[in-house]
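K.L.:
In terms of the working numbering, the sequence shown opens at residue 20 and continues consecutively. Ideal Cβ positions, reconstructed from N, Cα and C, are used throughout, including at glycine.
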Amino acid sequence: MIEVIKRHLAERNMLKTAGLSLCYLAKKGEEKCVRAAEAIIQNEVMDVIPFLGEQVCLYMMEDPETITYLGILKKEGCELNAYRFQRILLDAGTDKVSDFSYEQVKAVYFDPLVTDGTAYSYMKYYGEQNVSKEEKEQLVKSIAMCMDVLDFEKAGEKDRMLLVNPVFSSELLLNLLENVNNLKILQDQDLMELVNTLAGYEAEIRSLNQKQFDQMKERPVEILEKLRIVTRYIEKENLTDGLNLWLWNEALYEDLCKLERAFTDGADPAEVFSSKVSYVNTLYQNPLSKISLSSLSEEKSEILLYAITQKKKAFLNLINEEAELFYDLPNASMLLKKEVYQEYINLNTLNRKNLKDSADLILSRDRFELLAKREHTFEELKLLCTAKEAVIELYEHLTCKSDERLLVLRELIKRECVPHSFWEGQIEPLAAALSKKPLSRWIREDFWNIPDLSYGTALWLLVYREQLKGMEKEITMEQQALYLLKDLALVKECDSLSELKEKLILGDVSWRLLKEKLSFSEEFVQNNAARIGNFLFVGGAEIMETFLERQPSKIEEIRRLVTAELLGKFDELKYPSGDLMREIDFEVSEEAEKEWKIDRTFTSKNLVLKEETGLLPVMQIGEVPSYSCLSYRSGLNSDCLLSCFDSNKKFFFIRKNGQVVFRAMIRLTKGSYVGDRMRKKIQFADLSGAGKPKEEEGEESVLFLERYYEKNLTNEEMDQAVYLVFVAAKEKAKKLGARLVLSCYYQDDVKTKEYIKSNYYLYISKSKNGSQYLDSLYGEASVSDSGDYSSNIFLLENKEQEVAA
């Protein structure tokens with residue numbers, strides 16, 4: 020044991036003396052480490068070892084003969100170049116440097132023409148070759164350039180000797196050298212002369228690709244001849260651009276022939292080589308002659324290259340005539356998308372307007388991927404560019420003629436009736452239906468029985484037309500259509516609409532609860548089954564039951580309202596004899612009362628305004644078109660909702676594509692410039708006649724327009740809706756003989772002189788509900804407020820303006 024310990028200690032001391040780290044023991048074992056240490060000490064190179072890297076030391080342990088070479092080199096040289104020796108060993112990799120004679124190693128080690136980085140490769144592949152000084156210098160340069168891409172081992176000796184050619188010290192052939200067969204091809208002297216000539220130009224030429232190389236090998240003599248002719252026309256500063264463009268186009272001989280003709284005819288090389296487009300334009304005899312082709316973006320260059328090479332003459336003529344419109348196109352324009360002009364549109368079909376419109380058309384990737392792989396018209400792409408993904412998907416399923424598809428598309432976009440997405444199986448039946456005729460014709464010809472049908476609901480009727488079994492032909496309200504679409508499972512169980520209504524009366528949970536709370540007898544249900552079925556069919560039971568859950572104290576009012584609705588006598592409940600005058604405490608003429616009861620309709624473009632007093636539409640004013648505190652489901656002031664059925668209250672509902680998008684309350688009441696106390700003040704008679712009663716101190720009939728609620732209207736449509744409300748309110752007020760007063764909510768919408776802002780007293784009418792919610796008078800008005808005046812700042816019709824007019 021002691022002997023072993025002594026031996027280990029001696030070995031470790033030897034390693035330290037040799038300059039070797041003890042960590043090498045774990046990596047190479049004692050035997051190799053001791054052998055290397057002995058060789059280091061014997062050859063007296065201990066001082067060199069610290070300057071060699073770990074990998075070199077490990078290498079020498081595997082090939083200890085190299086230590087002997089190192090010792091001899093140290094003795095023969097004035098000063099040992101440790102780095103050069105290290106590079107030779109490292110570059111050897113798995114080769115054994117000791118397989119080479121010392122004389123070979125010595126020759127390359129001391130050769131000043133061979134660089135450190137090429138020393139091993141030169142020794143291995145060219146050390147025994149008899150080459151001149153010039154050839155050696157070239158070989159060293161070529162090895163340095165090619166050593167990372169060329170497999171010298173696979174290349175035969177004859178092919179390796181090609182590296183004496185200067186082309187190999189340039190980057191021209193770098194991309195080709197991984198394929199050693201290309202070296203064999205370069206044995207062709209004509210081809211070698213061509214690539215040497217090309218590499219010899221004072222230009223930064225990109226490396227050749229295989230296609231370019233293959234063209235050169237087919238006719239090297241002809242290409243070289245034309246190349247020498249063409250380059251004589253090119254100034255030095257244009258040579259790099261010129262040669263790179265020539266190679267880029269990959270039609271080497273043909274391009275040289277065309278360039279020779281062009282330069283012979285006086286073409287300016289600087290202009291020809293200013294861009295890819297200018298280069299190709301020259302080759303195709305200048306179809307773009309009226310515009311500047313330099314400094315174009317990549318996107319604009321690509322579309323022009325495509326148009327020139329594909330001979331899109333009409334489009335090129337358009338660009339010549341409308342260069343400024345082309346320059347103004349943003350790079351993100353739909354027209355500049357390569358896939359668009361290559362696969363989806365024929366550039367020759369475009370006109371000036373199309374080019375101008377393209378500046379605003381941006382086609383995103385997600386929409387682009389939905390387009391069918393076929394040629395589209397510009398109008399199609401223009402519409403699809405901004406359409407929802409679901410619209411694009413639906414459009415590409417249409418099978419009708421192009422102009423008919425376009426008609427369908429315009430209508431779908433205009434009416435905004437397509438959902439954001441479809442479920443599986445929904446698009447096919449819809450596309451089949453719309454391929455027969457547009458949605459408007461379906462509404463007009465097949466769904467005429469539903470006057471208030473929106474385009475959105477009509478679309479879903481087409482989706483589920485087969486499942487509906489013709490029941491859509493028997494309904495008269497959109498709400499009924501929505502109920503059918505909501506409960507397709509129930510529709511499936513029924514063979515007719517009447518059977519469906521019977522099942523509703525028997526099975527609707529909301530109706531069962533409502534009937535019980537309102538104490539409707541079976542006799543009442545049987546006598547009014549048809550109207551009850553219709554009531555349930557439009558969701559009436561669910562609305563009234565939900566309201567009662569929130570406002571149980573209103574059960575008697577709800578009973579009366581629902582009873583009147585189910586008896587078909589809701590107008591009688593709304594306008595009982597004398598109620599209008601009692602509510603506003605003001606004389607109303609028979610003609611005015613008759614006019615007040617008429618629900619008029621007004622239209623402006625795609626907006627339709629209708630006066631509304633119906634039970635279910637009014638019950639939903641807190642939900643439609645937008646949520647408010649009067650929501651029957653959860654509104655903070657839902658206890659005031661039933662006051663909306665007072666005789667003096669109505670609503671303007673504005674629909675767009677059948678959907679309610681705007682609503683505002685109108686109230687028939689009375690008003691005055693002075694309060695009730697001032698008006699009732701007793702004064703001495705003025706017998707002089709100078710103190711006539713002031714008109715402004717009296718009461719007058721007033722039609723008041725409350726603030727509006729809206730949803731899903733553009734700014735332009737919003738202006739249109741407010742204008743429509745003003746027109747309807749003015750006409751109503753005129754027919755009633757009442758002054759029109761507006762909430763100050765409209766102050767930004769009225770003309771300055773048409774209305775004046777003033778403090779004014781409005782009468783709070785008596786309400787059958789007790790409390791009522793009035794936006795213009797700070798919200799809820801209680802029973803104690805009813806039957807009295809309240810003042811605020813309002814917008815009043817300027818009567819002086821009317822007289823002046």
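Can you have a look at residue 527 and say buried or exposed, based on whether 16 or more other CB atoms are within 10 angstroms of its CB?
P.N.:
Label assigned to residue 527: buried.
K.L.:
Give the DSSP-derived three-state secondary structure of residue 683 in the structure shown.
P.N.:
It is a strand residue.
K.L.:
Tell me which residues share the same chain as residue 302 and place their Cβ nearer than 7 Å to its Cβ, disregarding the 5 neighbours each side in the sequence.
P.N.:
For residue 302, where only same-chain residues beyond five positions count, the Cβ hits under 7 Å are 274, 277.
K.L.:
Out of curiosity, what's the CA-to-CA distance linking residue 158 and residue 182?
P.N.:
Residue 158 and residue 182: Cα-Cα distance of roughly 6 Å.
K.L.:
Which full runs of the beta strand (DSSP E) of 3+ residues lie inside the region 608 to 678, going along the chain?
P.N.:
DSSP runs (the beta strand (DSSP E)) wholly in the region 608 to 678: 620 to 623, 626 to 631, 668 to 675.
K.L.:
Could you check where the beta strand (DSSP E) with residue 161 kicks off and where it finishes?
P.N.:
Segment 152 to 165 is the alpha helix (DSSP H) holding residue 161; no beta strand (DSSP E) there.
K.L.:
Buried or exposed, going by whether 16 or more other CB atoms sit within 10 Å of the CB of residue 479?
P.N.:
Looking at its Cβ environment, which holds 16 or more other Cβ atoms inside 10 Å, residue 479 is buried.
K.L.:
Give the straight-line distance between the Cα atoms of residue 776 and residue 812, rounded to the nearest whole angstrom.
P.N.:
Rounded to the nearest angstrom, the two C-alpha atoms are 7 Å apart.
K.L.:
Mind checking which residues open and close the alpha helix (DSSP H) that includes residue 553?
P.N.:
That run of the alpha helix (DSSP H) goes 548 to 556.
K.L.:
Work out the CA separation of residue 309 and residue 5 for me, nearest whole Å.
P.N.:
The structure shown does not extend to residue 5, since the chain is modelled only from 20 through 824, so no value can be given for it.
K.L.:
Using a Cβ-Cβ cutoff of less than 8 Å, which residues in the same chain neighbour residue 411 once the five nearest sequence positions on both sides are dropped?
P.N.:
Contacts found: 386, 389, 390, 403.
K.L.:
If you scan the region 439 to 469 from start to end, which runs of the alpha helix (DSSP H) of 4 or more residues do you find wholly inside it?
P.N.:
Listed in chain order, they are 446 to 453.
K.L.:
Look up residue 27 in the DSSP assignment and say whether it is helix, strand or coil.
P.N.:
It is helical.
K.L.:
Can you tell me which residues form a DSSP beta bridge with residue 774?
P.N.:
Looking at the DSSP assignment, residue 774 forms a beta bridge with 816.
K.L.:
Taking the alpha-carbon of residue 584 as reference, which of 789, 270, 74, 552 has the nearest alpha-carbon?
P.N.:
Measuring from the Cα of residue 584, the nearest candidate turns out to be 552.
K.L.:
Checking 9 Å against the spacing of the C-beta atoms, do residue 670 and residue 663 come in under that value?
P.N.:
Taking 9 Å as the Cβ cut-off, residue 670 and residue 663 qualify as a contacting pair.
K.L.:
Given that a residue counts as buried once 16 or more other Cβ atoms are within 10 Å of its Cβ, and exposed if not, what is residue 100?
P.N.:
Counting Cβ neighbours within 10 Å, residue 100 comes out exposed, since fewer than 16 surround it.
K.L.:
Tell me whether residue 745 sits in a helix, a strand or coil according to DSSP, three-state version.
P.N.:
In this structure, residue 745 counts as helix in the three-state DSSP scheme.
K.L.:
Quick one: Cα of residue 666 to Cα of residue 353, how far?
P.N.:
Going from the Cα of residue 666 to the Cα of residue 353 covers about 57 Å.
K.L.:
Distance check for residue 786 and residue 602, CA to CA, integer angstroms please.
P.N.:
Cα-Cα distance, rounded: 7 Å.
K.L.:
Residue 58 and residue 107 look like a contact to me (Cβ under 8 Å); what is the Cβ gap, rounded to whole Å?
P.N.:
Rounded, the Cβ-Cβ distance is 17 Å, inconsistent with contact.
K.L.:
On a Cα-Cα basis, can you pick out the residue from 299, 318, 349 that is closest to residue 330?
P.N.:
Considering only alpha carbons, the answer is 299.
K.L.:
Is the beta carbon of residue 790 less than 9 Å from the beta carbon of residue 605?
P.N.:
No; because the gap between Cβ atoms is not below 9 Å, this pair is not in contact.
K.L.:
Measuring CB to CB, does residue 457 end up less than 9 Å from residue 413?
P.N.:
No. Outside cutoff.
K.L.:
Restricting to Cα atoms, I'd like to know which of 222, 213, 513 is closest to residue 235.
P.N.:
Measuring from the Cα of residue 235, the nearest candidate turns out to be 213.
K.L.:
Could you check whether the region 618 to 634 touches the region 687 to 694, counting it as contact only if at least three pairs of C-beta atoms, one from each stretch, sit closer than 8 Å?
P.N.:
In short, these stretches do not touch, since the Cβ pair count stays below three.
K.L.:
I think residue 759 touches residue 749, with their Cβ atoms under 8 Å apart; what is that distance to the nearest whole Å?
P.N.:
That pair is a contact at about 6 Å.
K.L.:
Sorted by chain position, which residues of the same chain lie with C-beta nearer than 6 Å to residue 618's C-beta, five sequence neighbours on each side aside?
P.N.:
The residues are 630.
K.L.:
Going by DSSP, what residues sit across from residue 807 in a beta bridge?
P.N.:
Paired residue(s): 783.
K.L.:
If we ignore side chains and look at the alpha-carbon of each, how far apart do residue 729 and residue 648 end up?
P.N.:
Rounded to whole angstroms, residue 729 to residue 648 spans 14 Å at the Cα level.
K.L.:
Answer yes or no: do residue 189 and residue 224 have a C-beta to C-beta separation smaller than 9 Å?
P.N.:
Cβ atoms of residue 189 and residue 224: closer than 9 Å.
K.L.:
Counting C-beta neighbours from all protein chains within 10 Å, is the total for residue 745 16 or more, i.e. buried, or is it exposed?
P.N.:
With 16 or more other Cβ atoms within 10 Å, it is buried.
K.L.:
Exposed or buried, residue 628, counting other C-beta atoms within 10 Å across all chains shown (16 or more means buried)?
P.N.:
Classification of residue 628: buried, given that the 10 Å Cβ count is 16 or more.
K.L.:
Alpha carbon to alpha carbon, how far is residue 723 from residue 747?
P.N.:
If you take the alpha carbons of residue 723 and residue 747, they lie about 12 Å apart.
K.L.:
Output the boundary residues of the beta strand (DSSP E) element that contains residue 719.
P.N.:
First-last of the beta strand (DSSP E) with residue 719: 719 to 729.
K.L.:
Would you mind stating whether residue 592 and residue 579 have Cβ atoms separated by less than 9 Å?
P.N.:
Closer than 9 Å, so yes.
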